[in-house]
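FYI, in the numbering used here the residues of the sequence shown are 2 to 585. So the structure is just underneath, and the comments pick up after that.
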Amino acid sequence: MTAAPTTTTEPLDAVPYWTEKMYRPGGGLDHLGLGAVVTDRILPRLSPGINVLTARPRYWSFYAFVLSEFWKRDLPRTRPALKEWYRPLECIYSVACTLCDGPDHRAAPVGSRRISGYVAKKPDAFDPRFDYMKSSMGGYGLYYATVMESLGLSVLADPGIGMTVDAVTPDGQLVADAFRSVISHTEYYREWIDRHEEHVPYDVALEYGQSGCLCRLSEPTAHDRPLLVDAFLHRGSAVDAEGRRNTFRFMCELAAQTADAPVNAGSFRRLIYFGADQGAGGEQGPTFTPTEPTCRTARRWRLYQAREYFNMSIMEMWRRLQRWGLARDGHLFPVPMSEVVDSINTVDFAAFSASLDVPLPAEGLTAESSFQELLDWAIKAGAITGGLDDRWDLDAALTEDAIVQWLQHGSAANNSGPDMLAGALTLITLVAARLWLPELALVEPGDWFPVNEGGKERLGMQAFLTKLRDRADAGDTIGDVAQWLTGDYVISQHERVASAKLTTTGDTFRFRREAGRLRFFDQDAPVGMNDSRFNALASFLSELGWSGHLYEPDHGLTPEGETIRSQGDLPPTGVFEHPEQDQP
Numbered sequence: 002m003t004a005a006p007t008t009t010t011e012p013l014d015a016v017p018y019w020t021e022k023m024y025r026p027g028g029g030l031d032h033l034g035l036g037a038v039v040t041d042r043i044l045p046r047l048s049p050g051i052n053v054l055t056a057r058p059r060y061w062s063f064y065a066f067v068l069s070e071f072w073k074r075d076l077p078r079t080r081p082a083l084k085e086w087y088r089p090l091e092c093i094y095s096v097a098c099t100l101c102d103g104p105d106h107r108a109a110p111v112g113s114r115r116i117s118g119y120v121a122k123k124p125d126a127f128d129p130r131f132d133y134m135k136s137s138m139g140g141y142g143l144y145y146a147t148v149m150e151s152l153g154l155s156v157l158a159d160p161g162i163g164m165t166v167d168a169v170t171p172d173g174q175l176v177a178d179a180f181r182s183v184i185s186h187t188e189y190y191r192e193w194i195d196r197h198e199e200h201v202p203y204d205v206a207l208e209y210g211q212s213g214c215l216c217r218l219s220e221p222t223a224h225d226r227p228l229l230v231d232a233f234l235h236r237g238s239a240v241d242a243e244g245r246r247n248t249f250r251f252m253c254e255l256a257a258q259t260a261d262a263p264v265n266a267g268s269f270r271r272l273i274y275f276g277a278d279q280g281a282g283g284e285q286g287p288t289f290t291p292t293e294p295t296c297r298t299a300r301r302w303r304l305y306q307a308r309e310y311f312n313m314s315i316m317e318m319w320r321r322l323q324r325w326g327l328a329r330d331g332h333l334f335p336v337p338m339s340e341v342v343d344s345i346n347t348v349d350f351a352a353f354s355a356s357l358d359v360p361l362p363a364e365g366l367t368a369e370s371s372f373q374e375l376l377d378w379a380i381k382a383g384a385i386t387g388g389l390d391d392r393w394d395l396d397a398a399l400t401e402d403a404i405v406q407w408l409q410h411g412s413a414a415n416n417s418g419p420d421m422l423a424g425a426l427t428l429i430t431l432v433a434a435r436l437w438l439p440e441l442a443l444v445e446p447g448d449w450f451p452v453n454e455g456g457k458e459r460l461g462m463q464a465f466l467t468k469l470r471d472r473a474d475a476g477d478t479i480g481d482v483a484q485w486l487t488g489d490y491v492i493s494q495h496e497r498v499a500s501a502k503l504t505t506t507g508d509t510f511r512f513r514r515e516a517g518r519l520r521f522f523d524q525d526a527p528v529g530m531n532d533s534r535f536n537a538l539a540s541f542l543s544e545l546g547w548s549g550h551l552y553e554p555d556h557g558l559t560p561e562g563e564t565i566r567s568q569g570d571l572p573p574t575g576v577f578e579h580p581e582q583d584q585p
């Protein structure tokens, strides 16, 4: 194989370095651009419109109501006027939701970091103009505006067609009217909604929250709930609506099969990937077996999780390299690339396997071992069958979950040693082993998008698998593969992503090549998996009245949730003019 970028340039004797930075240092996230592939391309196809920041379904009702009330009044149709109207309403709504004492009250409303402290002081009244968050248009502008438009409940401002501010559609007006009917009896709505210069009495805000809080959507008096259910199941493009229905059905199936045990975000990852979870004491936890109607959706979620493990392994290589460089004062004196190669060639599988108590092959594994030997060991220790829809063994000697736990919380969590590199290489090899057979992409090509997404610029898994198979066939060593990944997937990719961020985020370089050396920068290097949207999906199931809260035991399905599970849909309410758009 051709030489990796880590070995192509000889170091020079002297390297000039500019001491004055052109761009401000930036913390930055997603230093290899891998997270964006998941959050922007994969998860939106699995749960369209429902993401980590749009986790509370009743906000669709509330924001439709706010826009509706704005357009009912003789106010300037300008963005500043909408802001002046909007912020006091969201502020008091956040206060009211914080005051709510409902039995199912859990998550905090928008702006809760500031609102909770404000409410904790127990003032006699609340200022509608309290600065609850920085964003001028609050949670609506930051999170919900675009997803509401995608469901056909609102239209965003477009001066080109004379729409100077956002407005509700006729269907959005129906949702707004339903929410209004829920809170129309409250003193806040009858007496205080227009009085932005006056403080709202404590009892008034409390009564408002007891009727209209986010957590009370599943109550019988929530007239907006049936409309929201209809919207989430049927509104928006046909492709998006089908995607939500499929994921809701999948989640209801998972809720039913795990009804007796609490499920959290970590449990969710294990259940969708391995079909099983571990109990708090390490014992066997709940299991999950996709039914025939949920098989394709389960496969897509499993491949999404494979992508997360793939991303994690590369990010851990990135973190290991940055830590290694700083430990050698690479932020003061650039490190020759030859030393980077040497650090790769000291990869220590013996220490790694001992940490996880997984025996190596009799001949051991080193940088000089063939990659095929590492692949064979991963297949055997991981009990990998090669089937895309098989039950993957969580109790195997070696699993992706165990390696991630070790990398994040075990002895590797705070080091930069060669055992950490061995763990990251084993993790990516396990993922590759599960998807090794090229024909797996043909099982159902429409489900393979989590593997395809990313392409060359964002390190797509499909391109990685193709190149890795070629390298294995060519007899590459573990060291060859590690150098290739470090050069192309870590160093070059980080330079590409950090360069693109300079004019927006600032200088997010953690290392960069300088004339055959690698200069490091003393900045933090956090690593973790993307939010799986589990919390948002669990909130939807609970607040739409389809199940108990998945984080708690006894979260079985309601009759309506059982219908979603068995049939994958609920009848439309008939109130919307077009229950589902024709165009994708």
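Don't be surprised by glycine CBs; every beta carbon is placed ideally from N, CA and C.
From the DSSP output, in three-state form, read off Phe131 for me. As a position in the sequence shown, residue 131 is number 130, starting the count at 1. Residue state, collapsed to three classes: coil.
Would you grab the beta carbon distance between Leu154 and Ala232 for me? Rounded to a whole angstrom, and I think it's under 8 Å. As a working note, residue 154 is residue 153 in the sequence shown. As a working note, residue 232 is residue 231 in the sequence shown. Confirmed, Cβ separation roughly 7 Å.
Does Ser48 get closer than 8 Å to chain D when you measure Cβ to Cβ? The question asks about chain D, but that chain is absent: this structure has only one protein chain.
Measure the C-alpha to C-alpha separation of Leu30 and Phe131 and round it to an integer number of angstroms. Position 29 of the sequence shown, counted from the start, is the residue given in the question as residue 30. Position 130 of the sequence shown, counted from the start, is the residue given in the question as residue 131. Distance between the alpha carbons of Leu30 and Phe131 is about 30 Å.
If we ignore side chains and look at the alpha-carbon of each, how far apart do Glu578 and Arg236 end up? Here residue 578 corresponds to residue number 577 of the sequence shown, with the count starting at 1. Here residue 236 corresponds to residue number 235 of the sequence shown, with the count starting at 1. C-alpha separation (whole angstroms): 10 Å.
So what does Gln285 bridge to, in DSSP terms? As a working mapping, residue 285 is identified with position 284 in the sequence shown. Answer is Gln279, bridged to Gln285.
Who does Phe521 pair with in a DSSP beta bridge? Within the sequence shown, numbered from 1, the residue matching residue 521 stands at position 520. Bridge partners of Phe521: Phe512.
Quick one: residues in its chain with C-beta nearer than 7 Å to the C-beta of Ile565, no 5 flanking neighbours on either side, listed in chain order? As a position in the sequence shown, residue 565 is number 564, starting the count at 1. Around Ile565: Phe249, Arg250, Cys253, Trp547 and Leu571.
I need the boundaries of the alpha helix (DSSP H) containing Asp377, first residue and last residue. Along the sequence shown, one-based indexing puts residue 377 at 376. Here the alpha helix (DSSP H) through Asp377 covers Phe372 to Ala382.
Among the residues of its own chain, which have a CB less than 8 Å from the CB of Lys122, if the five just before and after it don't count? The residue you call residue 122 lines up with position 121 of the sequence shown. If we look at Lys122 and ignore the five residues flanking it on each side, it has no Cβ neighbours.
Please report the Cβ distance between Gly276 and Thr290, rounded to the nearest whole angstrom; I am assuming they are in contact, meaning their Cβ atoms lie under 8 Å. Here residue 276 corresponds to residue number 275 of the sequence shown, with the count starting at 1. Here residue 290 corresponds to residue number 289 of the sequence shown, with the count starting at 1. Right, the Cβ-Cβ distance comes to about 6 Å (below 8 Å), so this counts as a contact.
Let me make sure I understand the geometry here. Which of Gly461, Ala501, Gly507 and Thr509 has the alpha-carbon closest to that of Leu486? Counted from its first residue, the sequence shown places residue 486 at position 485. When each option's Cα is compared against that of Leu486, the closest is Gly461.
Based on DSSP bridge pairs, tell me the residues matched to Val201. Counting from 1 along the sequence shown, the entry for residue 201 is found at position 200. Its beta-bridge partners are Phe127.
Report all residues from its chain with a CB closer than 8 Å to the CB of Ala526; omit the five preceding and five following residues, and keep chain order. As a first step, residue 526 is located in the sequence shown; it is residue number 525 there, counting from the start. Only His32, Trp319, Arg320, Gln323, Arg324 and Arg511 meet the Cβ criterion.
Using 8 Å as the cut-off, can you tell me whether the region 377 to 386 makes contact with the region 399 to 406, which would need three or more C-beta pairs spanning the two stretches below that distance? yes
Smallest Cα separation from Ala97: which of Met134, Ile184 and Ala473? Residue mapping note: residue 97 aligns to position 96 of the sequence shown, counting from 1. Cα-wise, what sits closest to Ala97 is Ile184.
For Arg46, which of Arg246, Leu215 and Gly213 has the nearest alpha-carbon? Counted from its first residue, the sequence shown places residue 46 at position 45. Ranking the options by Cα distance to Arg46, first place goes to Arg246.
Check whether the Cβ atoms of Thr347 and Ala379 sit closer than 8 Å, and answer yes or no. Along the sequence shown, one-based indexing puts residue 347 at 346. Along the sequence shown, one-based indexing puts residue 379 at 378. Not a contact, by the Cβ cut-off of 8 Å.
Could you compute how far the alpha carbon of Asn531 sits from the alpha carbon of Leu443? Within the sequence shown, residue 531 is the residue found at index 530, counting from 1. Within the sequence shown, residue 443 is the residue found at index 442, counting from 1. So the two alpha carbons sit approximately 27 Å from each other.
Please classify Thr40: does DSSP put it in a helix, a strand, or coil? Counted from its first residue, the sequence shown places residue 40 at position 39. Three-state result, Thr40: helix.
With a Cβ-Cβ cutoff of 8 Å, do Arg308 and Ile43 count as a contact? As a first step, residue 308 must be located in the sequence shown, where it is residue number 307. As a first step, residue 43 must be located in the sequence shown, where it is residue number 42. Going by C-beta atoms, Arg308 is nearer than 8 Å to Ile43.
From what residue to what residue does the alpha helix (DSSP H) around Ile116 run? On the sequence shown, position 115 is the one that residue 116 refers to. Note, Ile116: alpha helix (DSSP H), Ser113 to Ala121.
Extent of the continuous alpha helix (DSSP H) run through Cys296: As a working note, residue 296 is residue 295 in the sequence shown. Cys296 to Ala328 is the span of the alpha helix (DSSP H), which, as asked, contains Cys296.
How should Thr504 be labelled, buried or exposed, when 16 other C-beta atoms within 10 angstroms of its C-beta is the threshold for buried? Here residue 504 corresponds to residue number 503 of the sequence shown, with the count starting at 1. The residue is exposed, with fewer than 16 neighbouring Cβ atoms inside 10 Å.
Proximal residues to Val405 (C-beta, below 8 Å), its chain only, five neighbours per side dropped: Stepping through the sequence shown from its first residue, residue 405 is reached at position 404. So the list reads Tyr310, Met313, Leu428 and Met530, once near-sequence residues are dropped.
So, with DSSP's three-state summary, where would you put Leu408? Along the sequence shown, read from residue 1 onward, the residue named residue 408 stands at position 407. Leu408: helix per DSSP, three-state reduction.
Span of the alpha helix (DSSP H), counted from its first residue to its last, around Tyr94: Taking the sequence shown and counting its residues from 1, the one referred to as residue 94 is at position 93. Counted as a single uninterrupted DSSP element, the alpha helix (DSSP H) harbouring Tyr94 occupies residues Arg80 to Leu100.
Exposed or buried, Phe334, counting other C-beta atoms within 10 Å across all chains shown (16 or more means buried)? By one-based count along the sequence shown, residue 334 stands at place 333. Exposed is the call here.
Backbone secondary structure at Thr147 - three-state DSSP: The residue given as residue 147 occupies position 146 in the sequence shown. It is helical.
Could you check where the alpha helix (DSSP H) with Tyr611 kicks off and where it finishes? A question about residue 611 goes unanswered here, because the residues of the chain that appear run from 2 up to 585.
Looking only at C-alpha atoms, which of Gly418, Ile345, Gly331 and Glu220 sits nearest to Glu369? In the sequence shown, counting from the first residue as 1, residue 369 sits at position 368. Closest option to Glu369, Cα to Cα, is Ile345.
Say whether the region 203 to 212 touches the region 98 to 115, bearing in mind that this needs 3 or more beta-carbon pairs closer than 8 Å, one atom from each stretch. yes
Helix, strand or coil: how does DSSP classify Asp178 here? For the purposes of this step, residue 178 is taken as the residue at position 177 of the sequence shown. Helix, per DSSP.
Out of Leu152, Thr367, Asp390 and Pro263, point me to the one whose CA is closest to Pro419's CA. Against the sequence shown, residue 419 aligns to sequence position 418. Here the closest residue by C-alpha is Thr367.
Nonlocal neighbours in the same chain, by C-beta distance under 6 Å from Met316, ignoring five residues either side: To locate residue 316, count along the sequence shown from 1; it is residue 315. By the criterion of a C-beta distance shorter than 6 Å, Met316 is surrounded in its chain by Val528, once the five residues flanking it on both sides are discounted.
Same chain only: Cβ atoms within 8 Å of Ser151, ignoring 5 sequence neighbours per side: Position 150 of the sequence shown holds residue 151. These residues qualify, in order along the chain: Pro49, Gly50, Gly237, Ser238 and Asp241.
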